[in-house]
Amino acid sequence: MKVSDFARYVSDRKQATGGGTALNQDEGVLYGDANAEARGVLFCWMATVDALERAATEGCNLVVCHEMFYFCPIGSAGLQPQQPAWRPNYRRLAVCGRAGLTVFRAHGTLDRITIYDAFAERLGLKNPNPGTGWDKVFPIPPTSVRDLVARVRQTMGLKQVRMVGDLDQRVTCLGLPWGGLGLDSNVGYMQRLLELGADGFIAGETDEYGLTFASDAGVPLIETGHAASENIGLELFAQQVQRDFPGLKVATFTRPTFVYAE
């Protein structure tokens, strides 16, 4: 299978969800050769130096990442000439060049195919109402925030979570600002969930602005982590690729890039 064949496979999977066939503008081959033969594919949340080195070690010359490959300022018009020299970018490119890797990004397309729904399913949430796609909320039996925190920690395998709100408050309808949709840059999405009836949030990544938005809305928010909320669906998609291409080597890299220090 060539990288271009994989791109068509992703497009076909997107079309099956009703999302059209075209990849998004921030997706596709970001480095390497679209005509290269894929000897193996490694799926990762972000194509970090560690993930790229793992791909090289595993013999996977195609790296499929969900998040950005190059770091560049928000709002910049694409990668600027000086930015490949930024240290993280330079180190990533060095590994790719040395190992002959091709990097393919599947961002919103993978959110649509597996990531959002897999996050909801891991949390045991069903019967979204109202809305379709990502504009939906999940009614639940009245549950205290304290119990929700315990449930999130258990189902997500987290020792601790960051949150805002009254632990004794009752929640009856959850919104899921997964990934980075709990950040201040995406409070419009959280507002949409409030309009749909959410009285509690289980988020991927948030920040103090996002937490304050939830707090001043009177709505508790529990943070799980950007990668943690998306790796579930990423691993599911990798399993589906292995099912559909049984002769292809498929690997995943989901190790977090940070730890909590005591």
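Residue numbers (our numbering): 1065 to 1326. Beta carbons are placed, not taken as given, at the ideal position from N, Cα and C, and that holds for glycine. Bear in mind that the values here come from a model prediction, so they are computed numbers and not experimental data.
Taking the beta carbon of residue i as the centre, do at least 16 other beta carbons fall within 10 Å, making it buried, or is it exposed?
i     : result
M1266 : Note on identity: in this sequence residue 1266 is Ile, with Met being the wrong assignment. Label assigned to I1266: buried.
T1321 : exposed
P1284 : buried
V1113 : exposed
R1169 : buried
V1323 : exposed
A1291 : buried
S1140 : exposed
G1082 : exposed
N1295 : buried
Y1095 : buried
A1315 : buried
R1256 : buried
R1176 : buried
What would DSSP say about residue i, mapped onto helix, strand or coil?
i     : result
T1207 : strand
R1155 : helix
G1264 : strand
F1107 : strand
C1124 : coil
T1081 : coil
E1259 : helix
C1136 : coil
E1117 : helix
What's the C-alpha gap between residue i and residue j?
i     : j     : result
V1105 : A1115 : 12 angstroms
V1251 : I1286 : 15 angstroms
S1249 : E1269 : 11 angstroms
I1138 : M1132 : 12 angstroms
C1237 : N1099 : 47 angstroms
V1159 : R1210 : 45 angstroms
A1071 : G1092 : 7 angstroms
V1305 : V1235 : 37 angstroms
F1202 : C1136 : 36 angstroms
L1189 : S1293 : 14 angstroms
Q1224 : E1326 : 12 angstroms
V1074 : L1231 : 42 angstroms
A1302 : G1084 : 21 angstroms
V1154 : S1208 : Rather than Val, the amino acid found at residue 1154 in this sequence is Tyr. Cα-Cα distance, rounded: 47 angstroms.
R1151 : Q1218 : 37 angstroms
P1205 : A1262 : 13 angstroms
L1157 : A1102 : 19 angstroms
R1118 : T1166 : 14 angstroms
L1260 : V1128 : 34 angstroms
L1126 : W1109 : 14 angstroms
Among all the DSSP beta bridges, which residues are the ones paired with residue i?
i     : result
E1095 : Residue identity check: residue 1095 is Tyr in the sequence provided, not Glu. Per DSSP, V1167.
L1087 : Paired residue(s): none; L1087 is not in a bridge.
T1270 : G1246
C1129 : C1108 and R1169
Are any of the Cβ atoms in chain B nearer than 8 angstroms to that of residue i?
i     : result
V1216 : Within the model displayed, chain B is absent; a lone protein chain is all it includes.
Q: Any chance you could list the alpha helix (DSSP H) runs of at least 4 consecutive residues sitting entirely within the stretch 1273-1321, in chain order?
A: 1290-1308
**Q.** Complete beta strand (DSSP E) runs within the stretch 1176-1255 (minimum length 3 residues, chain order)
**A.** 1202-1208, 1226-1228 and 1234-1239
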